[in-house]
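Asker: So the sequence shown is numbered by my numbering: it starts at 4 and just counts up by one. Even glycine gets a Cβ: it sits at the ideal position worked out from N, Cα and C. Keep in mind it's a predicted model, so treat the numbers as computed, not measured. One structure, as structure tokens, below. Some questions next.
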Amino acid sequence: MSLKSKLKSLLFSAASKKEEEQQEPVQAAPEVERPAAPPPPILDPDQLDLPRDHAIFRLYQLSGTSMEQLSSPSLRLDPDGVLPGEVVKREKNRIRGTLSKICSDRLKEVSRREAAAQKSDQDPSGVQKPALPPLDASPQIFLSTDSLYAWLLVFPPTEQGEALSDEMLQRALADRGVRWGLDTQLIQQLSQAEDRYFTLHLVAVGKPAVNGENGKVEDRFPRSSQQLLEPDENDQVDYASLNLVRSVEKGQEICRLVPPTEGEPGRTVLDQEIAAKAGRAVTLPKGKNTQISEDGLSLLSTLDGHLEFSGNCFHVKPVWDVPGDVDFSTGNINFTGDVTIRGDVVSGFTVRAKGSIHVDGSVEAGSTVEAGGDLIVAKGILGDGSTVIRSQRSVFAKYIENSTIFVRETLQTDCIVNGQVYCGGQVVVRSGRGSIIGGRIWAAKLVNAQTVGSPSERSTSIVLGGRPCVSFERETLQQELQALTAEREKLKNQLDSPAKSGQMGRLKIRMSALEIKLKQLEDSFPEGSPNPADKTPKRNSGRLECGIAHPGVDITFGDQTLRLRNENRQCIVRLINGEIVVM
Numbered sequence: 004m005s006l007k008s009k010l011k012s013l014l015f016s017a018a019s020k021k022e023e024e025q026q027e028p029v030q031a032a033p034e035v036e037r038p039a040a041p042p043p044p045i046l047d048p049d050q051l052d053l054p055r056d057h058a059i060f061r062l063y064q065l066s067g068t069s070m071e072q073l074s075s076p077s078l079r080l081d082p083d084g085v086l087p088g089e090v091v092k093r094e095k096n097r098i099r100g101t102l103s104k105i106c107s108d109r110l111k112e113v114s115r116r117e118a119a120a121q122k123s124d125q126d127p128s129g130v131q132k133p134a135l136p137p138l139d140a141s142p143q144i145f146l147s148t149d150s151l152y153a154w155l156l157v158f159p160p161t162e163q164g165e166a167l168s169d170e171m172l173q174r175a176l177a178d179r180g181v182r183w184g185l186d187t188q189l190i191q192q193l194s195q196a197e198d199r200y201f202t203l204h205l206v207a208v209g210k211p212a213v214n215g216e217n218g219k220v221e222d223r224f225p226r227s228s229q230q231l232l233e234p235d236e237n238d239q240v241d242y243a244s245l246n247l248v249r250s251v252e253k254g255q256e257i258c259r260l261v262p263p264t265e266g267e268p269g270r271t272v273l274d275q276e277i278a279a280k281a282g283r284a285v286t287l288p289k290g291k292n293t294q295i296s297e298d299g300l301s302l303l304s305t306l307d308g309h310l311e312f313s314g315n316c317f318h319v320k321p322v323w324d325v326p327g328d329v330d331f332s333t334g335n336i337n338f339t340g341d342v343t344i345r346g347d348v349v350s351g352f353t354v355r356a357k358g359s360i361h362v363d364g365s366v367e368a369g370s371t372v373e374a375g376g377d378l379i380v381a382k383g384i385l386g387d388g389s390t391v392i393r394s395q396r397s398v399f400a401k402y403i404e405n406s407t408i409f410v411r412e413t414l415q416t417d418c419i420v421n422g423q424v425y426c427g428g429q430v431v432v433r434s435g436r437g438s439i440i441g442g443r444i445w446a447a448k449l450v451n452a453q454t455v456g457s458p459s460e461r462s463t464s465i466v467l468g469g470r471p472c473v474s475f476e477r478e479t480l481q482q483e484l485q486a487l488t489a490e491r492e493k494l495k496n497q498l499d500s501p502a503k504s505g506q507m508g509r510l511k512i513r514m515s516a517l518e519i520k521l522k523q524l525e526d527s528f529p530e531g532s533p534n535p536a537d538k539t540p541k542r543n544s545g546r547l548e549c550g551i552a553h554p555g556v557d558i559t560f561g562d563q564t565l566r567l568r569n570e571n572r573q574c575i576v577r578l579i580n581g582e583i584v585v586m
């Protein structure tokens, strides 16, 4: 190094050192608090979820080096919220798989062309080989499985390839046969839109077929009635207000038919018709004493009477309205329809009806009432031990005393005293006194009462499960047969006469009929069978629910009986694993 160079270096190094000393010390910048990590993204149900190493993202990166302002991939099947959710859910996986294959094939083609171009540049022979032409923009059409929807995704060109044009779109749609339900505005503007590449567009929507509506029947009357009465604020039930008789007049419309409608065919985006199903026709529920109108759309009553729905049909039954008591002025009643009694059923008289019976008064001792439907007694049933009440449906009474009750469905009352009850459903004694005192209550499903028994430990029997109605029928047949047998023995001791012969013949016919009925019943439900009527009920069937159960109450399930020794409150009694349990 020359002397001049050494001096120059020394002078400039000293000056720079002096400037550094005169400069103020630079303070370290305070640490900036880092923002909290953003919350995890909410998954979009319309978005095609693809991994970050998917081929479409690699294509996007390669295209981004040669094109400016290229939109990032947007792969939403329903960007405008017009598709049914089940369509998006059904098509996502299938379109994802198809898209993966198309992207992979295009990426391979791009790589192959790049490799060919590099090989051409590095060819040592110096012979210039023709380069492969660049890739043009590529519109891809995705169809739904039912061809009702079509999506469009366009891949950008590579290098000097041809950009997207209207002709390309029209050609791609024509190749796939998409020509119905097209979004023409989207197609016309897409070639110049910013999001024309790497964006999934819903380009065509078909028209789903609309099946016809089934015919239906519009009822003018309810088909079922309330079977349980609700107590009022004073815990009382107004049995007089339970009128199950629905009166209709001759010519009155019962129900009306709404005919089925024809379906409306649809059309796919491939311009193919989708057949629609016509609605299914229904028929009017025509029963007894009804007729169909001339236009075939209405069901009319042919007489004044009581409307009932049973056996999937409407029936009109005649109604016998008794303005006062059933006594010597009316005699016994045996009617095929419904009976409404404005007074009482006086002691010793019988009322039989194939329909329902409504008694505004009471049923006195020694009476017999048999209803093929429901029985409503507004003021209660006061028997003397010989009173028999039968109902093929439900019984509603203010009280029941010293009476035998046969009911197939539900018995609801305020009080039962010394009753013999055979119920195929449930016995509900919750309103009013809500007491069951004395007697025997046999219910197949449930006994629900406020109080069972009495503080004086009066003997009260509750039997649960089994077939009480069948047992009652058996006992009734056996009693009638015994009475006829006793009558026959008395006749045998009388002198022979034409009258005696006639009576003996009639007795023999009646006894033969009873024996046949009893044998049929025994064959259907023999004692000792797996499901007999009065021996072994179905396991765990039936239960007792009560507010107070006094000592002296016997609770029976099949051949097992439990006698309560102590007072039990708010208890439930059931048969669990073959043992009677009080809970």
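Which residues does DSSP pair with valine 563 in a beta bridge?
Answerer: It should be pointed out that residue 563 corresponds to glutamine in this sequence rather than to valine. Bridge partners of glutamine 563: Phe560.
Asker: Would DSSP call alanine 356 helix, strand or coil?
Answerer: strand
Asker: Rounding to the nearest angstrom, what Cα-Cα distance links serine 74 and phenylalanine 60 in this structure?
Answerer: 12 Å
Asker: Is threonine 454 buried or exposed, if buried means 16 or more other CB atoms sit within 10 Å of its CB?
Answerer: buried
Asker: Looking only at DSSP bridge pairs, what is isoleucine 144 linked to?
Answerer: Leu155
Asker: Would you kindly report the start and end of the unbroken alpha helix (DSSP H) that includes glutamine 188?
Answerer: Start and end: 187-193.
Asker: Quick one: what's got a C-beta closer than 8 Å to glutamate 216's C-beta in the same chain, skipping five residues either side?
Answerer: Closer than 8 Å at Cβ, skipping near neighbours: Pro263, Thr264, Gly282.
Asker: For glutamine 163, name the three-state secondary structure that DSSP assigns.
Answerer: coil
Asker: Going straight from the alpha carbon of arginine 249 to that of threonine 463, what length do you get?
Answerer: 38 Å
Asker: With respect to the beta strand (DSSP E) encompassing aspartate 324, which residues constitute its N-terminal and C-terminal limits?
Answerer: 322-325
Asker: For isoleucine 439, collect the residues of the same chain with a Cβ closer than 6 Å to its Cβ; drop the 5 residues on either side in sequence, then sort them by chain order.
Answerer: For isoleucine 439, the CB contacts under 6 Å within the same chain, skipping 5 residues up- and downstream, are Ile419, Val432, Ala452, Val455 in chain order.
Asker: With DSSP collapsed to three states, give me the class of lysine 219.
Answerer: The answer is strand: DSSP assigns lysine 219 an E or B state.
Asker: Report all residues from its chain with a CB closer than 7 Å to the CB of lysine 503; omit the five preceding and five following residues, and keep chain order.
Answerer: Leu494, Gln497
Asker: With contact counted as at least three CB pairs below 8 Å, one residue from each stretch, are the region 163-175 and the region 218-228 in contact?
Answerer: no
Asker: Taking alanine 278 as part of the beta strand (DSSP E), name the residues at either end of that continuous run.
Answerer: No beta strand (DSSP E) holds alanine 278; DSSP gives it neither H nor E.
Asker: So the beta strand (DSSP E) alanine 452 belongs to, where does it begin and stop?
Answerer: 449-455
Asker: Rounding to the nearest angstrom, what Cα-Cα distance links serine 313 and serine 394 in this structure?
Answerer: Spanning the alpha carbons of serine 313 and serine 394 requires a straight line of approximately 16 Å.
Asker: How many Å lie between alanine 284 and alanine 278 at the Cα?
Answerer: Here the alpha carbon of alanine 284 sits roughly 19 Å from the alpha carbon of alanine 278.
Asker: Have a look at serine 459 and valine 354 and give me their C-alpha separation to the nearest angstrom.
Answerer: C-alpha separation (whole angstroms): 37 Å.
Asker: Is the Cβ-Cβ distance between phenylalanine 145 and threonine 202 less than 9 Å?
Answerer: No, Cβ-Cβ distance for phenylalanine 145 and threonine 202 is not below 9 Å.
Asker: Out of Trp323, Glu582, Pro160, which has the shortest C-alpha to C-alpha gap to glutamate 112?
Answerer: Pro160
Asker: What three-state label does DSSP hand glutamate 267 in the structure shown?
Answerer: strand
Asker: Quick one: Cα of tyrosine 152 to Cα of valine 206, how far?
Answerer: 8 Å
Asker: So the alpha helix (DSSP H) glutamate 170 belongs to, where does it begin and stop?
Answerer: Here the alpha helix (DSSP H) through glutamate 170 covers 169-179.
Asker: Once DSSP output is grouped into helix, strand and coil, what is the label at aspartate 108?
Answerer: helix
Asker: Please tell me whether, using a cut-off of 8 Å, the distance from the CB of glutamine 255 to the nearest non-hydrogen atom of the ligand FMN is below it.
Answerer: As for the ligand FMN, it is missing from this structure, which has no ligand bound.
Asker: Helix, strand or coil for valine 391? Go by DSSP, reduced to three states.
Answerer: strand
Asker: Considering only residues of the same chain and omitting the five flanking positions on each side of glycine 251, which have a CB-CB separation below 8 Å?
Answerer: According to the sequence shown, residue 251 is valine rather than glycine. Only Phe224, Ile257, Ser304, Asp307, Gly308, His309, Leu310, Val319 meet the Cβ criterion.
Asker: For lysine 520, which of Gly369, Ala119, Leu480 has the nearest alpha-carbon?
Answerer: Ranked by Cα distance from lysine 520, the first of Gly369, Ala119, Leu480 is Leu480.
Asker: Taking the C-alpha atoms as reference points, what is the distance between histidine 553 and threonine 343?
Answerer: 39 Å
Asker: I think isoleucine 379 touches valine 366, with their Cβ atoms under 8 Å apart; what is that distance to the nearest whole Å?
Answerer: That pair is no contact at about 11 Å.
Asker: Whose C-alpha, out of Leu156, Ser141, Leu547, is nearest the C-alpha of valine 430?
Answerer: Among Leu156, Ser141, Leu547, the Cα nearest to that of valine 430 is on Leu547.
Asker: Alpha carbon to alpha carbon, what distance is there between isoleucine 551 and leucine 565?
Answerer: 16 Å
Asker: Can you check whether the CB of aspartate 324 is closer than 9 Å to the CB of aspartate 347?
Answerer: no
Asker: How big is the Cα-Cα spacing for glutamate 476 and leucine 467?
Answerer: 17 Å
Asker: Nearest by alpha-carbon distance to glycine 442: which of Gly428, Val424, Val450 is it?
Answerer: Val424
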